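Numbering (the working numbering), first residue to last: 114 to 366.
Ideal Cβ positions, reconstructed from N, Cα and C, are used throughout, including at glycine.
Bear in mind that the values here come from a model prediction, so they are computed numbers and not experimental data.
Have a look at the structure below before the remarks.
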Amino acid sequence: MNMIDAHIHADTRPYEDFEKMVISGIDTAITCAHDPLRMSKSEVVLDHFHRLLNNEVKRAKSNGLNLFVALGIHPRSISPNPELVIQKISDLLENDLILAIGEIGLETASSAEKNILIEQLQLADDLNRKVIIHTPRTNKKEVTQITKQIILENIDPSLVLVEHINKEIVDDLIEHEFTMGLTIQPLKMSPKEAIDLLKEYGTEKFILNSDMSSSPSDPLSVPKTVHQMILSDFEKEDIDAVSRKNASEFFNI
Ligand SMILES: [Zn+2]
Numbered sequence: 114m115n116m117i118d119a120h121i122h123a124d125t126r127p128y129e130d131f132e133k134m135v136i137s138g139i140d141t142a143i144t145c146a147h148d149p150l151r152m153s154k155s156e157v158v159l160d161h162f163h164r165l166l167n168n169e170v171k172r173a174k175s176n177g178l179n180l181f182v183a184l185g186i187h188p189r190s191i192s193p194n195p196e197l198v199i200q201k202i203s204d205l206l207e208n209d210l211i212l213a214i215g216e217i218g219l220e221t222a223s224s225a226e227k228n229i230l231i232e233q234l235q236l237a238d239d240l241n242r243k244v245i246i247h248t249p250r251t252n253k254k255e256v257t258q259i260t261k262q263i264i265l266e267n268i269d270p271s272l273v274l275v276e277h278i279n280k281e282i283v284d285d286l287i288e289h290e291f292t293m294g295l296t297i298q299p300l301k302m303s304p305k306e307a308i309d310l311l312k313e314y315g316t317e318k319f320i321l322n323s324d325m326s327s328s329p330s331d332p333l334s335v336p337k338t339v340h341q342m343i344l345s346d347f348e349k350e351d352i353d354a355v356s357r358k359n360a361s362e363f364f365n366i
């Protein structure tokens with residue numbers, strides 16, 4: 114079965130993880146910009162982008178993994194003079210490897226975070242590009258409400274993938290036109306919790322991902338969740354929807 118892991122952080126992972134993913138049936142993944150360093154200057158953020166687009170795509174490819182990229186200013190990665198980064202993002206979007214602006218969003222909902230988020234959403238809306246929205250672990254419900262309001266005011270909701278959905282926030286988002294990411298990661302959600310959510314809300318809007326990073330992570334969390342779905346008697350089509358088709362259609366890959 115071919116699968117897509119729609120949200121990873123390739124630059125934090127060893128070479129061998131890509132091999133494991135491909136052996137387990139993941140042929141495509143999307144690596145998102147994040148907060149790997151203290152972004153003391155905007156140039157550090159741009160070097161992070163350069164690494165994703167060049168080194169990481171190559172490392173994945175030599176293991177047979179198709180790696181695409183999302184670039185953006187993560188709320189924990191706001192450098193001084195972020196305008197320079199925003200300008201560079203809009204230039205880089207011409208590159209076919211870049212599928213979205215992301216991951217972007219709010220962490221503490223400070224005014225600096227909000228301003229950067231709004232700018233990036235407006236850029237994506239103007240250019241008709243997809244965005245990948247981070248939701249935090251701390252004050253999740255409250256910060257997600259603020260994030261949702263900002264999204265609805267600044268971008269066509271069909272361009273938006275909201276990440277790290279859980280029981281706490283799903284009801285606030287499900288009636289909107291967003292696509293929703295389920296992150297199966299030890300500190301976020303188990304395969305069993307993902308399955309319970311899919312049983313209750315259906316598979317139509319959801320995309321599975323590992324968000325594998327420097328936090329406790331499992332590069333095989335998508336195939337492991339698929340395995341549990343098979344054991345829980347999900348229909349083939351529903352399994353394919355959350356592990357490949359919905360991501361393929363949303364990102365046009
Ligand atoms: Zn992430």
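Spatial neighbours of residue 314 in its own chain (CB-CB distance under 8 Å, excluding positions within 5 residues in sequence) are listed in chain order as 283 and 287.
Placement of the Cβ of residue 326 at a distance of less than 7 Å from at least one heavy atom of ligand 1 is found.
For residue 173, the enclosing alpha helix (DSSP H) starts and ends at 170–174. Assigned with DSSP and collapsed to three states, residue 211 falls in strand. For residue 294, the beta-bridge partners assigned by DSSP are 320. The DSSP-derived three-state label of residue 161 is helix.
Assigned with DSSP and collapsed to three states, residue 179 falls in strand.
Distance from the C-beta of residue 348 to the nearest heavy atom of ligand 1 is not below 7 Å. As a beta-bridge residue in DSSP terms, residue 142 pairs with 118 and 180. Assignment of residue 278 by DSSP, reduced to helix, strand and coil, places it in the coil class. By the Cβ test, the stretch 318–330 is not in contact with the stretch 237–244, since fewer than three Cβ pairs between them sit closer than 8 Å. The continuous beta strand (DSSP E) containing residue 246 extends over residues 243–247. Minimum Cα-Cα distance from residue 130 among the listed residues 258, 174, 276 and 295 corresponds to 174. As computed with DSSP, residue 273 is found in a beta bridge with 244.
Counting only runs of at least 4 residues, the stretch 307–359 fully encloses the following alpha helix (DSSP H) elements, listed from N- to C-terminal order: 334–344 and 349–353. Distance from the CA of residue 242 to the CA of residue 217, rounded to the nearest whole angstrom, comes to 13 Å. With contacts defined by Cβ atoms closer than 8 Å, residue 308 and residue 359 do not form a contacting pair.
The C-beta separation of residue 266 from residue 248 comes to about 17 Å, leaving the pair out of contact by the 8 Å criterion. Taken through DSSP and simplified to helix, strand or coil, residue 232 comes out as helix. By alpha-carbon distance to residue 192, the top candidate from 169, 170, 213 and 148 is 148.
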